[in-house]
Amino acid sequence: MTTNLTTRSAEGTAENALMLLHGSNARLVTIFGSVDTSGAKRVHYIADVNREYRCISVPVTGALPSATLISPAAAWHERELHEQYGIEITGHPDLRPLFSHTADYRFLQVQGVGVCELPVGPVHAGIIEPGHFRFSIVGDSVLHLEPRLFYTHKGTEKLFEGAAIMNAPALAESVSGDNCFAHAVACSQSIENAFGISVPPRGRAIRLLGLELERMIAHIGDVGALCGDVGCSVPAAYNSRIKESLLQASAHCFGTRYWRGMAIPGGVRRDLSAENARKFGNAVAHAVADFAGMARIILDTPSVQNRFEETGILSNKIARDLGAVGPVARSSSVRIDVRHDHPYGHYRKITVEVPHFSQGDVLARARMRMEETRVSARLIQETINELAAGIISTPVPLDGSAEGFSAVESPRGELLYWIRIHNGRVMRCHIKSPSFQNWPCLPFAVEGNISADFPLINKSFNLSYSGCDR
Amino acid sequence: MIFDFVTRSLRSPSVLVPVEELFANSLGSRMPDARAEALNEAIAQRVVASCGLSALTMDDADGRMTLSLDYGRCTGCGKCIEAGEGAFYLANQLPCGVSRQALIRRWDLTRGTEILADEEAMTATAKEIRSIVGGALNIRQVDGGSCNGCEAEISALSNPYYDLERFGIHFVASPKHADMLLVTGPITNNMAEAVKRTYEATPAPKLVVAVGACGCSSGIFANSPAVYGSIDSVIPVDAYIPGCPPTPAMLLTGILRTLRHK
């Protein structure tokens with residue numbers, strides 16, 4: 011098998027699923043619905059239990075007991091399930107719709123002397139995605155923040171239905187454009203996993219290059235943007251330049267800036283010449299050295315320290331309760347990383363160092379991105395130095411029927427695709443994006459801070475709206 | 045410290061890309077072009093069948109067999125290049141900042157020649173804005189529901205390689221300050237009203253540029269019930285920039301081309 015080795019799927023009841031989530035070592039990954047060819051509804055629970063993905067599929071016969079009271083991480087998943095599949099969820103504290111924006115939507119009202127409501131968005135004052143934020147503030151301090159998202163909801167999961175499996179990665183790439191390669195690989199891996207297909211070593215290695223390059227590009231850009239948000243414009247411009255140097259190296263060596271069209275079920279579409287491998291390795295080495303030098307200066311700057319430190323703290327408890335993933339989780343002492351916990355592809359052949367921080371503030375998240383950039387560059391160099399020879403892809407059955415899922419560690423964290431294929435066409439595709447899981451954490455990090463720090467805190471999470479909204 | 049930043053920055057050589065290089069460059073866009081003399085009906089049928097987005101179509105309306113390539117629908121998936129037996133290749137230059145009609149290329153398959161359209165005249169709004177602001181254009185970027193791929197490339201316009209400000213062009217925070225709205229799509233049901241209101245809040249004269257395959261035609265999301273439509277289904281659009289996503293060079297070309305600065 012090419013993908014995450016430790017997965018187990020089973021039939022069960024909702025009670026079984028809730029029992030599973032009750033365990034202290036269980037982390038909820040996702041909950042979603044499906045309808046099979048006979049029209050029968052099922053609900054699928056996926057949890058990470060002691061570094062093993064466990065999937066329990068439950069036939070729906072009536073109302074389901076809510077998992078939210080056991081694991082608050084389930085709250086949005088169950089809201090989605092209720093809204094999209096019309097399944098009754100008993101005991102859920104808040105079943106307001108997420109996707110359909112009706113005029114009668116009620117925000118939580120904070121009452122008291124001097125409390126003001128501050129609405130922001132959906133159109134924001136920068137080159138960013140749309141979403142609405144409702145702040146309840148006293149003076150400058152945020153008492154409560156309620157995000158209302160799903161403005162970019164494009165019905166993407168539905169569009170997968172009926173698509174030929176070879177066309178599925180192209181849809182996956184447009185779930186979140188800046189992490190398009192992670193989405194395409196996760197989608198391809200779920201198909202490979204369903205059919206038990208192994209990607210050739212060279213294909214796996216090239217995928218790692220793309221995944222780690224994507225992480226470097228995201229993190230270098232984010233650190234620059236954080237500096238920009240505290241008025242430190244020179245490193246902001248400098249980092250955007252390092253990021254662009256990597257994008258141009260990628261366009262030169264692979265013919266694409268963001269690796270769209272590279273991943274296909276069974277491997278990758280384009281090979282890398284020895285000459286281009288060397289050039290790409292040099293560009294990465296140069297970029298990471300340049301970035302490390304800039305990162306040191308950034309961390310030594312008092313005005314940056316002053317703004318980053320103790321701003322937007324996400325506690326370890328909230329991060330765990332809400333099932334946070336990725337750099338956000340690892341900055342609050344939640345040591346999870348799909349590359350390490352559920353190795354897939356070339357990550358099974360290589361040691362992945364997982365940096366972590368305990369402070370949970372903007373500074374921790376900035377340092378996390380700096381550390382991960384270093385790790386990614388090392389993984390790229392190791393992989394290029396020992397790049398396996400041979401073919402880059404293997405055929406997959408084009409008219410098969412199967413079911414499977416797979417996860418990758420995208421720059422934002424655990425990204426999981428679950429797919430059901432019938433006669434070579436996608437019947438159902440569920441996407442658990444890291445942003446969907448991390449968005450509910452953001453308000454907890456913002457509470458108690460001044461509203462002017464919101465852009466900085468939000469940027470330090472750097473969540474994808476489109477990835478969440480799908 | 046600030047001094048260290050400045051020293052480091054000053055020590056590094058300039059990476060600014062000359063405007064001439066940007067204009068002739070669609071490297072990394074992955075979009076196709078065709079060799080007119082190598083085209084025939086058999087190849088045309090194969091490439092049309094390979095295209096999952098109906099960007100390539102065949103037509104024999106005027107008594108001659110033609111092949112059309114609509115860049116407004118194309119995402120650069122590369123399937124036509126694989127199916128085209130050498131007649132299709134990666135494009136060096138693409139139409140950007142033009143009308144929707146001018147995004148469509150047409151070839152006469154019997155003669156093996158391209159059917160060229162007349163050069164488009166500048167729109168009245170573009171003329172008016174140019175006479176007021178010269179080159180100092182203020183742009184408000186609006187995301188109408190995109191996957192953020194276009195936003196990533198629009199952000200890159202401000203980096204030291206492309207440096208949009210060298211032309212006097214700025215991104216502004218409010219539609220009230222804008223001469224141009226740079227809109228990405230597809231417009232989702234949930235964003236249609238916000239996009240309309242942003243347009244209304246922008247003072248006239250104003251230009252709207254639709255960005256990306258989704259902005260031009262709804263792209264791969266055309267059949268989704270959650271999607272309202274392309275940008276021109278919600279507000280009037282003056283010029284289009286194709287691509288999935290368009291590269292910074294294509295975006296810059298499109299913005300300048302809308303005002304006929306190049």
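Protein chains in written order, with my numbering: chain C, 11 to 480; chain S, 45 to 306. Using N, Cα and C, we set each Cβ at its ideal position, and we do this for glycine too.
- With respect to the 8 angstroms criterion, S/R184 and S/T228 are not classified as neighbours on the basis of their beta carbons.
- At the C-beta level, C/I99 and C/L105 come within 8 angstroms of one another.
- For S/S202, the neighbours in chain C by C-beta distance under 9 angstroms run, in chain order, I137, A247, S250.
- Chain S has a Cβ within less than 8 angstroms of the Cβ of C/M304.
- In the structure shown, C/E167 adopts helical secondary structure according to DSSP, grouped into three states.
- When the Cα atoms are used, S/D77 and S/A257 turn out to be separated by approximately 16 angstroms.
- Of all residues in the region 114–132 of chain C, only P132 place a beta-carbon less than 8 angstroms from a beta-carbon of chain S.
- For S/K220, no alpha helix (DSSP H) segment is defined, and its DSSP state is neither H nor E.
- Annotation: C/L256 has no Cβ neighbours in chain S at a cutoff of 8 angstroms; minimum Cβ distance is about 11 angstroms.
- Residues of the region 228–250 of chain S with a C-beta less than 7 angstroms from any C-beta of chain C: P230, T232, N234, M235, A238, T242, listed in chain order.
- Excluding sequence positions up to five before and after C/E21, its CB lies within less than 7 angstroms of the CB of S67, all in the same chain and listed in chain order.
- For S/S199, the enclosing alpha helix (DSSP H) begins and ends at 193–200.
- For C/E224, the uninterrupted alpha helix (DSSP H) run begins and ends at 211–239, by DSSP.
- With its beta carbon less than 8 angstroms from one in chain C, S/T291 belongs to the interface.
- Between the region 409–422 of chain C and the region 188–198 of chain C there are three or more inter-stretch CB-CB distances shorter than 8 angstroms, so the stretches are counted as touching.
- When Cβ-Cβ separations below 8 angstroms define contact, C/T162 makes contact with chain S.
- CA-CA distance, C/L79 to C/R317, rounds to 36 angstroms.
- In the structure shown, C/V148 adopts extended strand secondary structure according to DSSP, grouped into three states.
- Taking the beta carbon of S/C121 as reference, the chain C residues within 8 angstroms of it are A180, G271, listed in sequence order.
- Counted as a single uninterrupted DSSP element, the alpha helix (DSSP H) harbouring C/S445 occupies residues 444–448.
- For S/P269, the C-beta contacts it makes with chain C under 8 angstroms involve G165, K168, in order along the chain.
- Going by DSSP, S/I173 is part of the alpha helix (DSSP H) stretching over 168–177.
- A Cβ-Cβ distance of about 24 angstroms is found for the pair C/T162 and S/G72, leaving them out of contact under the 8 angstroms criterion.
- Between the region 340–347 of chain C and the region 457–466 of chain C, the count of Cβ pairs shorter than 8 angstroms is below three; the stretches do not touch.
- For S/S70, there are no C-beta contacts with chain C under 7 angstroms, since the nearest C-beta of that chain is about 10 angstroms from it.
- A distance below 8 angstroms separates the beta carbons of S/P286 and S/Y115.
- Of all residues in the region 455–469 of chain C, none places a beta-carbon less than 9 angstroms from a beta-carbon of chain S.
- Rounded to whole angstroms, the gap between the alpha carbons of C/A180 and C/N326 is 36 angstroms.
- The DSSP assignment places complete alpha helix (DSSP H) segments of no fewer than 4 residues inside the region 295–348 of chain C at 312–318, 326–331, 336–340, in order along the chain.
- Closer than 8 angstroms to the CB of S/F215 there is at least one CB belonging to chain C.
- The beta carbon of C/S474 lies closer than 6 angstroms to those of S186, S445 in the same chain, with the five residues before and after it left out.
- Here C/I175 is buried, its C-beta having at least 16 other C-beta atoms within 10 Å.
- Close CB contacts of C/A235 within its chain, under the 6 angstroms cut and outside five residues either way in sequence, are with K469 (chain order).
- Per DSSP, the unbroken alpha helix (DSSP H) holding S/G298 starts and ends at 292–302.
- The CB of S/S53 comes closer than 7 angstroms to the CB of V244, Y248 in chain C, given here in chain order.
- Here C/H102 carries a coil assignment [DSSP, helix/strand/coil].
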